[in-house]
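Okay, so here's the structure we're looking at.
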Amino acid sequence: LATADATGVPHVVPICFALIGQTLYVAIDEKPKRGDFRRLRRLRNIAENPRVAVVADHYEPDWTKLGFVLAHGSARILSEGDDEHARAVAALRDKYP
């Protein structure tokens, strides 16, 4: 997941994701965080600048078979407890049991 702050400074992190329709949902893992998880740089960046990009790749030892998908979009931070959040969590748990 690539985000950028309000001044355009980029930040990139690996992600786990689930796709429902045309919406990509990204997990904030359950590992303990130092302080409030909402202070994570990627979340602060999304709050300041919702434009994001994601790359998913496919690796093969035969480089003629390499591939990737690049997606650009606008991110939203879901609130715990709403229906969309619950669907996203269920999809992520199904994909990553």
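Taking the working numbering, the leading residue of the sequence shown gets 8, the next gets one more, and so forth. Ideal Cβ positions, reconstructed from N, Cα and C, are used throughout, including at glycine. In this text, all values refer to a predicted model and were calculated from it rather than measured experimentally.
Residue range of the unbroken alpha helix (DSSP H) whose run includes residue i
i: Asp101; result: 90 to 102
i: Ile22; result: That residue, Ile22, is in no alpha helix (DSSP H); it is neither H nor E in DSSP.
i: Leu31; result: Counting along the chain, Leu31 falls outside any alpha helix (DSSP H), though it belongs to the beta strand (DSSP E) covering 30 to 33.
Continuous beta strand (DSSP E) stretch holding residue i: start and end
i: Leu77; result: 74 to 81
DSSP beta-bridge partners of residue i
i: Asp64; result: Phe75
i: Ala11; result: Pro17
Among the options, the one whose alpha carbon lies nearest that of residue i
i: Ala95; options: Ser81, Ala54, Ile35; result: Ile35
i: Arg58; options: Trp70, Ala82, Tyr103; result: Ala82
i: Arg48; options: Lys72, Val19, Phe75; result: Val19
Residue i versus residue j - alpha carbon distance
i: Gly15; j: Leu77; result: 19 Å
i: Arg100; j: Leu85; result: 16 Å
i: Phe24; j: Val62; result: 11 Å
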